[in-house]
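2 protein chains.
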Amino acid sequence: MSPLFEIQARHPSSPARLGVLRTAHGEVRTPAFVAVATRATVKALSAEDVLGVGVQLLIGNTYHLYLRPGPEAIAALGGLHRFSGWSGPWMTDSGGFQVFSLGAGKVHGVGKIASIFPGEAPPNPTGPSLVELTEEGARFRSVVDGAWIFFTPEEVIRAQRLFGADIILPLDECTSPFHDRAYTEAAMERTHRWAARALRAFADTQGLGPNPDQVLFGIVQGGAYQDLRQRSARVIKGMGFPGYAIGGSLGKSKQDMLRVIEWTVEELPEGAPRHLLGIGGVEDIVEAVRRGIDTFDCAAPTRMARNGSLLSAQEEGFRLNIKNARFRQDGSPIEEGCDCPTCRRYSRAFLHHLLRTGELSYFRLATLHNLRFMVRLMEAIRAGIAAGRTLDLDQIREGLAGKGP
Amino acid sequence: MSPLFEIQARHPSSPARLGVLRTAHGEVRTPAFVAVATRATVKALSAEDVLGVGVQLLIGNTYHLYLRPGPEAIAALGGLHRFSGWSGPWMTDSGGFQVFSLGAGKVHGVGKIASIFPGEAPPNPTGPSLVELTEEGARFRSVVDGAWIFFTPEEVIRAQRLFGADIILPLDECTSPFHDRAYTEAAMERTHRWAARALRAFADTQGLGPNPDQVLFGIVQGGAYQDLRQRSARVIKGMGFPGYAIGGSLGKSKQDMLRVIEWTVEELPEGAPRHLLGIGGVEDIVEAVRRGIDTFDCAAPTRMARNGSLLSAQEEGFRLNIKNARFRQDGSPIEEGCDCPTCRRYSRAFLHHLLRTGELSYFRLATLHNLRFMVRLMEAIRAGIAAGRTLDLDQIREGLAGKGP
Numbered sequence: 002m003s004p005l006f007e008i009q010a011r012h013p014s015s016p017a018r019l020g021v022l023r024t025a026h027g028e029v030r031t032p033a034f035v036a037v038a039t040r041a042t043v044k045a046l047s048a049e050d051v052l053g054v055g056v057q058l059l060i061g062n063t064y065h066l067y068l069r070p071g072p073e074a075i076a077a078l079g080g081l082h083r084f085s086g087w088s089g090p091w092m093t094d095s096g097g098f099q100v101f102s103l104g105a106g107k108v109h110g111v112g113k114i115a116s117i118f119p120g121e122a123p124p125n126p127t128g129p130s131l132v133e134l135t136e137e138g139a140r141f142r143s144v145v146d147g148a149w150i151f152f153t154p155e156e157v158i159r160a161q162r163l164f165g166a167d168i169i170l171p172l173d174e175c176t177s178p179f180h181d182r183a184y185t186e187a188a189m190e191r192t193h194r195w196a197a198r199a200l201r202a203f204a205d206t207q208g209l210g211p212n213p214d215q216v217l218f219g220i221v222q223g224g225a226y227q228d229l230r231q232r233s234a235r236v237i238k239g240m241g242f243p244g245y246a247i248g249g250s251l252g253k254s255k256q257d258m259l260r261v262i263e264w265t266v267e268e269l270p271e272g273a274p275r276h277l278l279g280i281g282g283v284e285d286i287v288e289a290v291r292r293g294i295d296t297f298d299c300a301a302p303t304r305m306a307r308n309g310s311l312l313s314a315q316e317e318g319f320r321l322n323i324k325n326a327r328f329r330q331d332g333s334p335i336e337e338g339c340d341c342p343t344c345r346r347y348s349r350a351f352l353h354h355l356l357r358t359g360e361l362s363y364f365r366l367a368t369l370h371n372l373r374f375m376v377r378l379m380e381a382i383r384a385g386i387a388a389g390r391t392l393d394l395d396q397i398r399e400g401l402a403g404k405g406p
Numbered sequence: 002m003s004p005l006f007e008i009q010a011r012h013p014s015s016p017a018r019l020g021v022l023r024t025a026h027g028e029v030r031t032p033a034f035v036a037v038a039t040r041a042t043v044k045a046l047s048a049e050d051v052l053g054v055g056v057q058l059l060i061g062n063t064y065h066l067y068l069r070p071g072p073e074a075i076a077a078l079g080g081l082h083r084f085s086g087w088s089g090p091w092m093t094d095s096g097g098f099q100v101f102s103l104g105a106g107k108v109h110g111v112g113k114i115a116s117i118f119p120g121e122a123p124p125n126p127t128g129p130s131l132v133e134l135t136e137e138g139a140r141f142r143s144v145v146d147g148a149w150i151f152f153t154p155e156e157v158i159r160a161q162r163l164f165g166a167d168i169i170l171p172l173d174e175c176t177s178p179f180h181d182r183a184y185t186e187a188a189m190e191r192t193h194r195w196a197a198r199a200l201r202a203f204a205d206t207q208g209l210g211p212n213p214d215q216v217l218f219g220i221v222q223g224g225a226y227q228d229l230r231q232r233s234a235r236v237i238k239g240m241g242f243p244g245y246a247i248g249g250s251l252g253k254s255k256q257d258m259l260r261v262i263e264w265t266v267e268e269l270p271e272g273a274p275r276h277l278l279g280i281g282g283v284e285d286i287v288e289a290v291r292r293g294i295d296t297f298d299c300a301a302p303t304r305m306a307r308n309g310s311l312l313s314a315q316e317e318g319f320r321l322n323i324k325n326a327r328f329r330q331d332g333s334p335i336e337e338g339c340d341c342p343t344c345r346r347y348s349r350a351f352l353h354h355l356l357r358t359g360e361l362s363y364f365r366l367a368t369l370h371n372l373r374f375m376v377r378l379m380e381a382i383r384a385g386i387a388a389g390r391t392l393d394l395d396q397i398r399e400g401l402a403g404k405g406p
């Protein structure tokens, strides 16, 4: 059998590399952006749409799919690939992010794990925790009907076996940037014990579900503490996972995040794929690729699209706000030279009109563009690595200008 | 120049006919269903989507497009065809329906003009009228910012010249089924005077806007009163419009509606196209085609899709409710044998899941199916006319079974 991951070229002046991630449902050219399909669909798109803009890999959410329609229903319908209509490579995350977002994320009032967080603002609760954490696992309140559900490392593996994604993840605990060192360390140690239990459960459930070729990646934790990140990377590496994900907290600034990536990547096996969970800003991706990250998932590009924030290499901050009145009679496409289905046919004025009048058509057209932008960004990054160019924002901006499929 | 409308075959046992409606932006095979694109988009779809399911003709709404983005903005962007991305045939309605829906429709608590209305229930106001009607025209409150706008027959023609749809309509007054005979007659007479003013305005604005090949249809009113409908049809016919639309009120029952159609069609020129405004139930369409109607527009099929009501010839009432729990694990398509993009790839279970979890993707997939169903329905009706079969529901149901593109 061909290897899961093959490095095909290395960047001359950084740990960046070009690779191929092989799954039973197709190959992924890395570095790659993984589109978020929380509930088995990229919001506002069909599977054909996602394929059409060149996305290679989707990530679903175990917590959300567990609640609705449930692992048994998905298995009965032939698994996630068949259920969703996306027959290419799938990942599923573990529910670990919900341990954070429904738990400490609420208590600390932190909307997202990491790098967006400027400075040392105090905790600002948005509600009580909906999660009870014990050594055994995480008890959650269902957001659907309020019922308690119990996620153990074993149950999370069983659910992901039934979903049948190609790459699955063990239950972990994302800590908050406001957790202290003692808590972060204890949570990390528990995540390590959960990882060992997940590996056993993964071996024990071989043959369960629609996809016998699943692989289980390890998740490195340890917050923004150098020695904890290094220890976590060594411990998780020692368990022999075929690939690795870096989980949050990633600290309180972009600089923290980049340091966390450097400490972690240094400890991980060179030949294994490295996934950075939940990060997807243009600059973040470029910087993380330069530090050896292969894949990224992030809901921001599709969420931004729905809010009117459209990506363009021709804009200062890589985005424009289509709600702005200056687009009301602007007959040009979102981004000159973009080859997405939206830019090929529709003007900024039309998109402005659709969003202003609340038309559903807007959400798909905007999402198609932003996802195509992310795919083109990764193509430009891969071209930059192949050519041995400096991987900086100016280079990438040039690479994106007028780039075709 | 080839004629606007050509009748290519006649049904042996009814006034139904097969025709071709020719516009500067393409031909329409009739009988045809006109998809509603109120604000220059079919809700949840792109122009490519609409083309892909075989829709031939769209109808936009003058009132809504007048408010946003406005006739001048649309003209500056090249007209409705270019603005919307739909370069096939366009109709625009006149705002006459809003005279009803924002006026008497509110005061009488009638949600829609006509045939859905069972019996003689008393008026049940849902709010004060937002319309002031005078001989000069209709003053409306803008639903966007509360500002008053003034629709005269002349202004409505000017706006539609700037939009540039292929078929446009004069300002009229839709009466309510609860208006008495005296009111209905007076409103009809005013509508006739407005029609004459619209014709003059249409001649005076030749050359204005992006589409020199527009045609203006006449609208017949007269409520559910036989002599008024006949008089209205004769008066409007006497003005020499190239095509005719039948406006509401269409009475208080389906039987009333069919009688109104019969009285009207009998008076109209045989060779001109006949459009029935705002009607689109499966049975209504079949019955109206049998009485000589050529085209129909209705928001119901797309609105029903968004609400979970999916059309199928295999269901008793031609529809199923995808929200129903019995579809949670149903791996079959909405309608066995349907060739729409949704039925070719997605199960009832997936659509049920998307709607239950509020995913935007649902709205497009459901709308694609219902619109494709309407196109297939019209294909089955045309095939029935061509073959001289009885145009009844059982025949049509058979014609729809497993019908390809």
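Just so you know, the protein sequences line up as chains A and B, in that order.
All residue numbers for the first sequence refer to the numbering used here, where the first residue is 2 and numbers rise by one.
All residue numbers for the second sequence refer to the numbering used here, where the first residue is 2 and numbers rise by one.
By construction, the Cβ of each residue, glycine as well, lies at the ideal position given by its N, Cα and C atoms.
Simplified DSSP assignment, three categories, for residue i
i	result
A:R136	The sequence given here has Glu at residue 136 of chain A, not Arg. It is coil, neither helix nor strand.
B:W195	helix
B:G89	coil
A:G219	strand
B:V37	strand
B:V21	strand
A:L366	helix
A:D181	coil
B:A10	strand
A:E174	coil
B:D94	strand
B:R159	helix
A:G415	The first residue shown for chain A is 2 and the last is 406, placing residue 415 of chain A beyond what the model contains.
A:F118	In this prediction, A:F118 scores a pLDDT of 43, lower than 50, which makes its location untrustworthy; the coordinate-derived value is nonetheless stated afterwards. Looking at A:F118 - three-state DSSP - the assignment turns out to be coil, as it is neither helix nor strand.
B:T343	helix
B:V144	coil
B:R30	strand
Candidates the options: closest to residue i by CA position
i	options	result
A:G224	A:F218, A:I247 and A:G210	A:I247
A:P1	A:V266, A:F151 and A:H109	Given that chain A is displayed from residue 2 to residue 406, the structure contains no residue 1 of chain A and the question cannot be resolved.
A:H276	A:P32, A:T24 and A:P16	A:P32
A:P342	A:R320, A:H370 and A:S310	A:H370
B:Y347	A:P72, A:P4, A:S88 and A:P13	A:S88
A:T192	A:R201, A:F179 and A:C175	A:C175
A:E380	A:G147, A:K107 and A:E399	A:E399
A:Y67	A:L366, A:D50, A:A148 and A:H26	A:A148
A:R11	A:D295, A:S233, A:L172 and A:L311	A:D295
B:V221	B:N212, B:F179, B:L269 and B:G208	B:L269
B:R329	B:T153, B:L356 and B:R30	B:L356
A:H354	A:C339, A:D331, A:R383 and A:E263	A:D331
Exercise. In chain order, what residues of the segment 29-61 of chain A put their CB closer than 8 Å to some CB of chain B?
Worked result: Within the segment 29-61 of chain A, those residues whose Cβ lies closer than 8 Å to any Cβ of chain B are, in chain order, R40, A41, T42, V43, K44, A45, L46, S47, A48 and E49.
Problem set entry | beta strand (DSSP E) runs contained entirely in the segment 291-336 of chain A, provided each spans 3 or more residues | 296-298, 310-312 and 320-322
Exercise. Would you call the segment 254-262 of chain A and the segment 284-299 of chain A in contact, with 3 or more CB pairs under 8 Å?
Worked result: The segment 254-262 of chain A, when compared against the segment 284-299 of chain A, does touch it at the 8 Å Cβ threshold.
For this session: Pick out the complete alpha helix (DSSP H) segments inside the segment 230-288 of chain B, 4 residues or longer, and give them in chain order.
Result: 255-268
For this session: Kindly provide the ranges of any alpha helix (DSSP H) runs that are 4 or more residues long and lie completely inside the segment 370-402 of chain A, ordered along the chain.
Result: 394-401
Exercise. Counting pairs of Cβ atoms below 8 Å between the segment 36-49 of chain A and the segment 60-74 of chain A, do you hit three or more?
Worked result: yes
Exercise. Got a sec: which bits of the segment 67-93 of chain A sit with their beta carbon under 8 Å from any beta carbon on chain B, in order along the chain?
Worked result: R69, P70, A74, A77, L78, G79, F84, S85 and G86
For this session: Compile a chain-ordered list of the residues in the segment 330-351 of chain B whose CB is closer than 8 Å to at least one CB of chain A.
Result: Q330, G332, P342, R346, Y347, S348, A350 and F351
Exercise. Going along the chain, which residues of the segment 359-393 of chain B sit with their C-beta nearer than 7 Å to a C-beta in chain A?
Worked result: E360, L361, S362, F364, R365 and L366
For this session: Inspect the CB distances between the segment 286-302 of chain A and the segment 9-21 of chain A and report whether three or more fall short of 8 Å.
Result: Yes: the two stretches touch, three or more of their Cβ pairs being nearer than 8 Å.
Exercise. So does the segment 23-30 of chain B actually touch the segment 79-95 of chain B, counting three or more Cβ pairs closer than 8 Å?
Worked result: yes
Problem set entry | Segment contact, 8 Å Cβ cut-off, at least three pairs: the segment 305-313 of chain A with the segment 363-378 of chain A | Counting C-beta pairs with one atom in each stretch, the segment 305-313 of chain A and the segment 363-378 of chain A have three or more that are closer than 8 Å, which means they touch.
Problem set entry | Stretch pair the segment 127-147 of chain A + the segment 101-112 of chain A: three plus CB contacts closer than 8 Å | yes
Exercise. Counting Cβ pairs, one atom from each stretch, are 3 or more of them under 8 Å apart for the segment 226-240 of chain A and the segment 169-189 of chain A?
Worked result: yes
Problem set entry | Chain-ordered residues of the segment 199-225 of chain B with a beta carbon less than 7 Å from chain A | none
Exercise. Closer than 8 Å, Cβ to any Cβ of chain B: which residues of the segment 268-283 of chain A, in chain order?
Worked result: none
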